[in-house]
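Participant: Chains as they are written, first to last, in our numbering: chain A, 3 to 228; chain B, 3 to 228; chain C, 3 to 228; chain D, 3 to 228. I have a structure here, written as structure tokens, and I will follow up with some questions on it.
4 protein chains.
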Amino acid sequence: MTHEYGATFPRLRDAAGTVWRDYTHHAFVEGLREGRLPRKAFLGYLVQDYVFLIHFARAWALAVTKADALEEMRACAATVDALVNHELSLHVKTCAEAGLSEDDLYSAEEHPANLAYTRYVLDAGHSGNFLDLLAALAPCVMGYGEIGARLGPVPDDHPYADWIATYADDDYQQVCRDAGALFDGAVARRLGDNPTATPGWERLCQRFTTATRLEVAFWDMGLSFG
Amino acid sequence: MTHEYGATFPRLRDAAGTVWRDYTHHAFVEGLREGRLPRKAFLGYLVQDYVFLIHFARAWALAVTKADALEEMRACAATVDALVNHELSLHVKTCAEAGLSEDDLYSAEEHPANLAYTRYVLDAGHSGNFLDLLAALAPCVMGYGEIGARLGPVPDDHPYADWIATYADDDYQQVCRDAGALFDGAVARRLGDNPTATPGWERLCQRFTTATRLEVAFWDMGLSFG
Amino acid sequence: MTHEYGATFPRLRDAAGTVWRDYTHHAFVEGLREGRLPRKAFLGYLVQDYVFLIHFARAWALAVTKADALEEMRACAATVDALVNHELSLHVKTCAEAGLSEDDLYSAEEHPANLAYTRYVLDAGHSGNFLDLLAALAPCVMGYGEIGARLGPVPDDHPYADWIATYADDDYQQVCRDAGALFDGAVARRLGDNPTATPGWERLCQRFTTATRLEVAFWDMGLSFG
Amino acid sequence: MTHEYGATFPRLRDAAGTVWRDYTHHAFVEGLREGRLPRKAFLGYLVQDYVFLIHFARAWALAVTKADALEEMRACAATVDALVNHELSLHVKTCAEAGLSEDDLYSAEEHPANLAYTRYVLDAGHSGNFLDLLAALAPCVMGYGEIGARLGPVPDDHPYADWIATYADDDYQQVCRDAGALFDGAVARRLGDNPTATPGWERLCQRFTTATRLEVAFWDMGLSFG
């Protein structure tokens, strides 16, 4: 079983080298998989991840402003709406059980590792074009897809069953496949049939790899809460 | 029956002076009302208005990136999604009857009056903050609400029944009331209880008035197609 | 004598077709050349052009934020500084003779044709990358260079001697050659050795041609003041 | 002797509380003052600080695009030009002595603490208005001014004489006074005579304090290289 999510993503992932595995097989992820991750680390991560998703949604909204085709706009707009009007519910529900309201989450102080990641993605968009932004958005979207597919399914009594199911479920896997198709179409439109041979390719690899490095630092932050 | 759509909008509208009436009672609008507007003018307008709405959606997406509160993000994200994934249907349907595909609409050459308006709104957002952007977005949203409420309802055999119904219907009137509430909340959050006494107020009035001037020029463009 | 200003500019100019000649041989320009342009048209133009240059400087500042190489940043930063701290002096001096202060110029109401042009350029930058922005900046920079080279030199008693000298002088011609070199380097860095064969080329042509169309509308506006 | 640099800065500094002293009296700074800072930490810091200044210049360029007054544009444009065309020379010269070329500096991999800081400042600008951006720029500009004034003058044989002189010299102190005047004018223009009583004030304090926190993390990064 492979999780390729289109043609562009696996090329960028392979170009990223070992840092991709550092991210998707991080000790934090293995702790989730084995159910050994301290609850305190998980909750600390979840609060930061809520704020992350707020700014990640801002980055998808920026993508709407930078799209060159109607289907690109529509895909990005649907993602923004899904993120801010629907998909924060896992975080809100889990944190509510721990006594945190959504206002607490929204106003949580951002950890520097969190700031670094989301503001880097936003700046990738502001300084570059639609592709630069997608390359910085992809590691989070598809990496969580790979992790979910590897960790799930798990029994309902697994300590992190809800989290794993969120990313293992076909709903999220479809999000990743759709994002892969969006990315492939955007690359074909701008770089043509042989994108890895264009001068722009190297830059996309850098964007993707830097965002992946910032994912590793985000998991490091999570463990530091434990 | 008044259509105030909150407290901020009528203040800005009144500050705009006669240009507001120039916009909402423009000869193009009266032509729609009386059914005398040449079909050619209407279709030329509708093509440009389709492109306008694409860039208007981009401006609402920019607003998502500039919001300071979760409810602001949610309202703006829902607006973007509604615009690009649902609300272009009037344009697509009417233009299809005239033999124009949605691709034709998306790739239509923008008239300078169209460019001037949407790019001004986007720049209001980029150069200023969330309020500056809302002040530039408001004349279109609420002005069409006022026009719809004044022109509708009309009999089904009115030449412009579809267009008038789109903006007269309570669905659209609710969009205007929601936008008014968003605007009032945004003003209270940033300018306090007495916004017209703050140094920032004058700037909002300028943004609103300039956007209203550009609405007048947009109708002028519509008539020029006739 | 040719005024090629590098390799990229003439390719984009040729791709623009007849609209380039509509711009560089516009009746406004011929009026300047022959000295027959009504003074009122010239002054009305000059006031709008002052505001144009303010926003044009903003667009060059946006280019600083989007550069990928140190020499790109340096060239753009020097251009911004030259524009706002030095090169508005022709406008300020000429308008002062007509009784207009620099504050009058800065706060002049922008004509829709002016708004359309500068906000289009800014949005080319915000929605795209450094090259998209340069393609929208180039028609003004290099077109005035071509016009200056064609119209100058003229005797000191020519009614528009100051204006013509500003763009005919080697200082400005060097600005155009430098901008051409910046553009060529930026294209080579991003599109490689055969840029016209890349999918990105068409988009640059569109940006350049639209900005050229907006130059034509700007001269039209100038004549309308006469 | 106080270093107030205007009226706005000391108010924001005082509102930041102890984090301001954490920044300006950080162990890294005391190491510079006493000459005990390991050379390796200093050089590692200097490489990152070079990249920092590149992105800091981008943020000042963004300020040019967001200014509302001619003198604001001029001050910001001059700062950008000074940063990228002149003021990186301390870094280039010192690093050249250690065998690093300017290309090495420009292409150095950014530390996450560096990314976090500069991209936060840029996003403060993109998401807010001119004041939001200035509030995020101020801690670096004025903090280095305070540090320079406290640490200098030192004898020529002090191990960090060049660095200290750069910020202690009246040239840099004047930069801080000018930035203070720019900030005071910008606040008066937008928030009026009693800015601390406006709803916008709290937000400026947050921007300033977060940027100050990111300065602390930047020094931490510097020590980690030792």
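The beta carbon of each residue, even a glycine, is placed where N, CA and C say it ideally should be. In this text, all values refer to a predicted model and were calculated from it rather than measured experimentally.
1. With distances taken from CA atoms, which of A:Q208, A:A137, A:P197 and A:A118 is nearest H57 of chain A?
2. Near L92 of chain A, which residues of its chain fall below 8 Å by C-beta distance, leaving aside the five closest residues on each side in sequence?
3. Below 8 Å between beta carbons: does that hold for T200 of chain A and G187 of chain C?
4. Any C-beta of chain D sitting closer than 8 Å to the C-beta of R76 of chain C?
5. Report the residue from A:T211, A:F44, A:F227 and A:P157 whose alpha carbon sits nearest the alpha carbon of W22 of chain A.
6. Taking 8 Å as the threshold (beta carbon to beta carbon), is L193 of chain A in contact with chain C?
7. Could you list the residues in the segment 177-189 of chain A with a C-beta less than 7 Å from some C-beta on chain B, going in chain order?
8. Between which two residues does the alpha helix (DSSP H) carrying F11 of chain B extend?
9. Compute the Euclidean distance between the alpha carbons of T81 of chain D and D70 of chain C, then round it to the nearest angstrom.
10. With a threshold of 8 Å between beta carbons, is Y146 of chain D in contact with chain C?
11. Looking only at C-alpha atoms, which of D:P12, D:R215 and D:G33 sits nearest to V123 of chain D?
12. Helix, strand or coil for T211 of chain B? Go by DSSP, reduced to three states.
13. When you compare the CB of D125 of chain A with every CB in chain B, is at least one pair closer than 8 Å?
14. Considering only C-alpha positions, which residue in the set B:H113, B:V94 and B:G127 is nearest to D105 of chain B?
15. Is the segment 62-77 of chain B touching the segment 124-140 of chain B, taking contact as three or more C-beta pairs under 8 Å?
16. Does DSSP classify D231 of chain C as helix, strand or coil?
17. How big is the Cα-Cα spacing for D159 of chain A and R35 of chain A?
18. Alpha carbon to alpha carbon, how far is L14 of chain C from E100 of chain D? Give it in angstroms, no decimals.
19. Can you give me the Cβ contacts of P155 of chain C inside the same chain, cut-off strictly under 8 Å, excluding the 5 residues immediately before and after it?
20. Can you say whether P157 of chain A is buried or exposed, counting buried as having 16 or more other CB atoms within 10 angstroms of its CB?
21. Taking only three categories from DSSP, how would you classify P155 of chain D?
22. Return helix, strand or coil for D70 of chain B, following the three-state DSSP convention.
23. What residue from B:Q50, B:G228, B:Y47 and B:E74 has the CA that sits closest to A190 of chain B's CA?
24. Tell me the DSSP secondary structure of P114 of chain B in three-state form.
25. Out of curiosity, what's the CA-to-CA distance linking P12 of chain C and E32 of chain A?
26. Does P114 of chain B get closer than 8 Å to chain C when you measure Cβ to Cβ?
27. Could you compute how far the alpha carbon of G228 of chain C sits from the alpha carbon of F30 of chain C?
28. From H28 of chain D to R152 of chain A, what distance separates their C-alpha atoms?
29. Helix or strand or just coil, what does DSSP make of H160 of chain D?
30. Taking contact to mean at least 3 C-beta pairs separated by less than 8 Å, is the segment 134-151 of chain D in contact with the segment 170-182 of chain D?
31. In its own chain, which residues sit with a C-beta less than 6 Å from the C-beta of W221 of chain C, not counting the 5 before and 5 after it?
32. For A138 of chain C and A79 of chain C, I'd like the C-alpha separation in whole angstroms.
33. Hey, quick one: how far does the alpha helix (DSSP H) through A98 of chain D stretch, first residue to last?
34. Could you name each continuous alpha helix (DSSP H) segment of 4 residues or more that falls completely within the segment 114-143 of chain C, going from the start of the chain to the end?
35. Give the single residue among D:D134, D:M223, D:V218 and D:R192 whose Cα lies nearest to the Cα of C207 of chain D.
36. Counting only the same chain and skipping the five closest in sequence on each side, list residues whose C-beta sits under 7 Å from that of A42 of chain B.
Facilitator: Looking at the coordinates:
1. Locating residue 57 of chain A in the first sequence gives position 55, counting from the first residue. Ranking A:Q208, A:A137, A:P197 and A:A118 by Cα distance to H57 of chain A puts A:A118 first.
2. By one-based count along the first sequence, residue 92 of chain A stands at place 90. The beta carbon of L92 of chain A lies closer than 8 Å to those of D164, W165 and T168 in the same chain, with the five residues before and after it left out.
3. Within the first sequence, the letter at position 198 stands for residue 200 of chain A. Within the third sequence, the letter at position 185 stands for residue 187 of chain C. Cβ distance not < 8 Å, so T200 of chain A and G187 of chain C don't count as in contact.
4. Mapped onto the third sequence, residue 76 of chain C falls at position 74. It does; some Cβ of chain D falls within 8 Å.
5. Sequence index remark: in the first sequence, residue 22 of chain A carries index 20 (1-based). Looking at the Cα atoms, A:T211 is the closest of the given residues.
6. Walking along the first sequence from the start, residue 193 of chain A turns up at place 191. For L193 of chain A, the nearest beta carbon of chain C is closer than 8 Å to its own beta carbon.
7. Answer in chain order: no residues at all.
8. Residue 11 of chain B sits at position 9 when you count from the first residue of the second sequence. It spans T10 to A18 - the alpha helix (DSSP H) in which F11 of chain B sits, taken as one unbroken run.
9. Position 79 of the fourth sequence, counted from the first residue, corresponds to residue 81 of chain D. Position 68 of the third sequence, counted from the first residue, corresponds to residue 70 of chain C. A direct Cα-Cα distance of roughly 20 Å separates T81 of chain D from D70 of chain C.
10. Locating residue 146 of chain D in the fourth sequence gives position 144, counting from the first residue. False, the Cβ-Cβ gap to chain C never drops below 8 Å.
11. Taking the fourth sequence and counting its residues from 1, one reaches residue 123 of chain D at position 121. Per the C-alpha coordinates, the member of D:P12, D:R215 and D:G33 positioned closest to V123 of chain D is D:R215.
12. Reading the second sequence from its first residue, position 209 is the one you call residue 211 of chain B. It is helical.
13. The residue labelled residue 125 of chain A in the question sits at position 123 within the first sequence. Taking Cβ atoms only, chain B never reaches closer than 8 Å to D125 of chain A, which makes this a no.
14. Along the second sequence, one-based indexing puts residue 105 of chain B at 103. In terms of Cα proximity to D105 of chain B, the closest of B:H113, B:V94 and B:G127 is B:V94.
15. Flag = yes, the segment 62-77 of chain B and the segment 124-140 of chain B touch.
16. The structure shown does not extend to residue 231 of chain C, since chain C is modelled only from 3 to 228, so the question has no answer here.
17. Position 157 of the first sequence, counted from the start, is the residue given in the question as residue 159 of chain A. Position 33 of the first sequence, counted from the start, is the residue given in the question as residue 35 of chain A. The alpha-carbon atoms of D159 of chain A and R35 of chain A are separated by roughly 13 Å.
18. Taking the fourth sequence and counting its residues from 1, the one referred to as residue 100 of chain D is at position 98. Taking the third sequence and counting its residues from 1, the one referred to as residue 14 of chain C is at position 12. According to the sequence provided, residue 100 of chain D is Ala. The question's Glu does not apply to it. The alpha-carbon atoms of A100 of chain D and L14 of chain C are separated by roughly 45 Å.
19. Numbered from 1 along the third sequence, position 153 holds the residue referred to as residue 155 of chain C. In its chain, beyond the 5 residues on either side, I166, A167 and A170 have a beta carbon closer than 8 Å to the beta carbon of P155 of chain C.
20. In the first sequence, the residue the question calls residue 157 of chain A occupies position 155. Exposed, because fewer than 16 other Cβ atoms sit within 10 Å of the Cβ of P157 of chain A.
21. For the purposes of this step, residue 155 of chain D is taken as residue 153 along the fourth sequence, with counting starting at 1. In the structure shown, the three-state DSSP call for P155 of chain D is coil.
22. What you label residue 70 of chain B is simply residue 68 of the second sequence in a count that begins at 1. Three-state result, D70 of chain B: coil.
23. Within the second sequence, the letter at position 188 stands for residue 190 of chain B. Nearest option by C-alpha distance: B:E74.
24. The sequence position of residue 114 of chain B within the second sequence is 112, counting from 1. Three-state DSSP puts P114 of chain B in a helix.
25. In the third sequence, the residue the question calls residue 12 of chain C occupies position 10. In the first sequence, the residue the question calls residue 32 of chain A occupies position 30. In a straight line, the C-alpha of P12 of chain C is about 58 Å away from that of E32 of chain A.
26. Residue 114 of chain B sits at position 112 when you count from the first residue of the second sequence. Chain C places a beta carbon closer than 8 Å to that of P114 of chain B, counting this residue as a contact.
27. Taking the third sequence and counting its residues from 1, one reaches residue 228 of chain C at position 226. Taking the third sequence and counting its residues from 1, one reaches residue 30 of chain C at position 28. One C-alpha to the other measures close to 10 Å.
28. Start at 1 with the first residue of the fourth sequence, and residue 28 of chain D comes out as number 26. Start at 1 with the first residue of the first sequence, and residue 152 of chain A comes out as number 150. Each residue's Cα considered, the two are about 44 Å apart.
29. In the fourth sequence, the residue the question calls residue 160 of chain D occupies position 158. Taken through DSSP and simplified to helix, strand or coil, H160 of chain D comes out as coil.
30. Touching, yes.
31. Position 219 of the third sequence holds residue 221 of chain C. In its chain, beyond the 5 residues on either side, H28 and F30 have a beta carbon closer than 6 Å to the beta carbon of W221 of chain C.
32. What you label residue 138 of chain C is simply residue 136 of the third sequence in a count that begins at 1. What you label residue 79 of chain C is simply residue 77 of the third sequence in a count that begins at 1. Straight-line Cα distance between these residues: approximately 17 Å.
33. On the fourth sequence, position 96 is the one that residue 98 of chain D refers to. S91 to E99 is the span of the alpha helix (DSSP H), which, as asked, contains A98 of chain D.
34. The qualifying runs are 114-129.
35. By one-based count along the fourth sequence, residue 207 of chain D stands at place 205. Nearest Cα to C207 of chain D within the set D:D134, D:M223, D:V218 and D:R192: D:D134.
36. Residue numbering aside, residue 42 of chain B sits at position 40 when the second sequence is read from its first letter. Checking the sequence, you will find Lys at residue 42 of chain B rather than Ala. Closer than 7 Å at the Cβ level, and outside the excluded window around K42 of chain B, lie F227 and G228.
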